[in-house]
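Counting from 1, position 52 in the sequence shown corresponds to residue 52 in UniProt numbering; the numbering is continuous, with no gaps. Built from N, CA and C at the ideal position, the CB exists for glycine as well. It should be emphasised that the depicted structure is a prediction, and the values quoted were computed from it without experimental measurement.
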Amino acid sequence: MADTIVENPQIYLITPAKFELATFSETLQRVLDTREIGCVRLDMPGAEAGDIAQAADLLRDICHQRDVALVIADHFRMVGVHGLDGVHLSDPRAVRDVRRDLGADAIVGAFCGSSRHVGMNAGEGGADYVTFGPTSPDPLLGDGSVVDLDLFDWWSKVVEVPVVAEGGLTPELVAKLTPLVDFFAVGREIWSEEDPVAAMQTLGLPRGD
1 MADTIVENPQ
11 IYLITPAKFE
21 LATFSETLQR
31 VLDTREIGCV
41 RLDMPGAEAG
51 DIAQAADLLR
61 DICHQRDVAL
71 VIADHFRMVG
81 VHGLDGVHLS
91 DPRAVRDVRR
101 DLGADAIVGA
111 FCGSSRHVGM
121 NAGEGGADYV
131 TFGPTSPDPL
141 LGDGSVVDLD
151 LFDWWSKVVE
161 VPVVAEGGLT
171 PELVAKLTPL
181 VDFFAVGREI
191 WSEEDPVAAM
201 QTLGLPRGD
């Protein structure tokens, strides 16, 4: 059982679904050199395997030069091939099998929507973290439901598995959730802005320094 709540959550970056690799790699380097980042997720749904592999190799080097973990969305068989740190699963039912495949050292995380039960099962299956969301309406994430913020409060007090808030974050939600989560997962909230670093500041995300 966890006996304290989180006070200093980290930032977990999610790549854009589509991006020009050279341009985005420069932007990512600037963000990583400006803000303390806990983890980066390479998330390119629908992209060709070759494009994902090329991005994995370049972003791995950028992240590892800065001691930042790089996980990949769903393509767990690419973890070992490309020297990545782990995988983030959109289907939490796969956690136990993927953990068995990747071994104890790899990071295995899972998106659990708005369900406490799904999150508990993922944790029991060996997930290193779970993400709940979206925190406000987001048509591109989950089944259309919005997570009840009380779930984060309960989780932070009862469960030891780190919890991530993902999707639809606003400054108001960040302020409410800061004492309750281990990570804020941000993607579209910042990459759609001209200056992602300034966008993180506007969201009120912790600096970590």
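{"Item": "Touching by the beta-carbon criterion (3+ pairs, under 8 Å), the region 193-201 and the region 39-48", "Value": "no"}
{"Item": "Three-state class that DSSP yields for residue 154 in the structure shown", "Value": "helix"}
{"Item": "Residue-chain proximity (residue 16, chain B), Cβ-Cβ < 7 Å", "Value": "Given the protein chain composition of this structure (a single chain), no chain B is represented."}
{"Item": "Own chain, CB closer than 8 Å to residue 2, minus 5 neighbours either side, in chain order", "Value": "Because residue 2 sits at a pLDDT of 43, beneath the cut-off of 50, its placement in the model cannot be relied upon, and the point is left open."}
{"Item": "Residue of 175, 179, 26 minimising C-alpha distance to residue 201", "Value": "175"}
{"Item": "Residue range of the alpha helix (DSSP H) that includes residue 99", "Value": "95-102"}
{"Item": "Meets three-Cβ-pair contact criterion under 8 Å: the region 85-103 and the region 135-142", "Value": "no"}
{"Item": "Length of the line joining the Cα atoms of residue 182 and residue 20", "Value": "30 Å"}
{"Item": "Residue 122, buried or exposed, once every other Cβ within 10 Å from all chains shown has been counted against 16", "Value": "buried"}
{"Item": "Closest by C-alpha distance to residue 85, when choosing among 93, 54, 94, 67", "Value": "67"}
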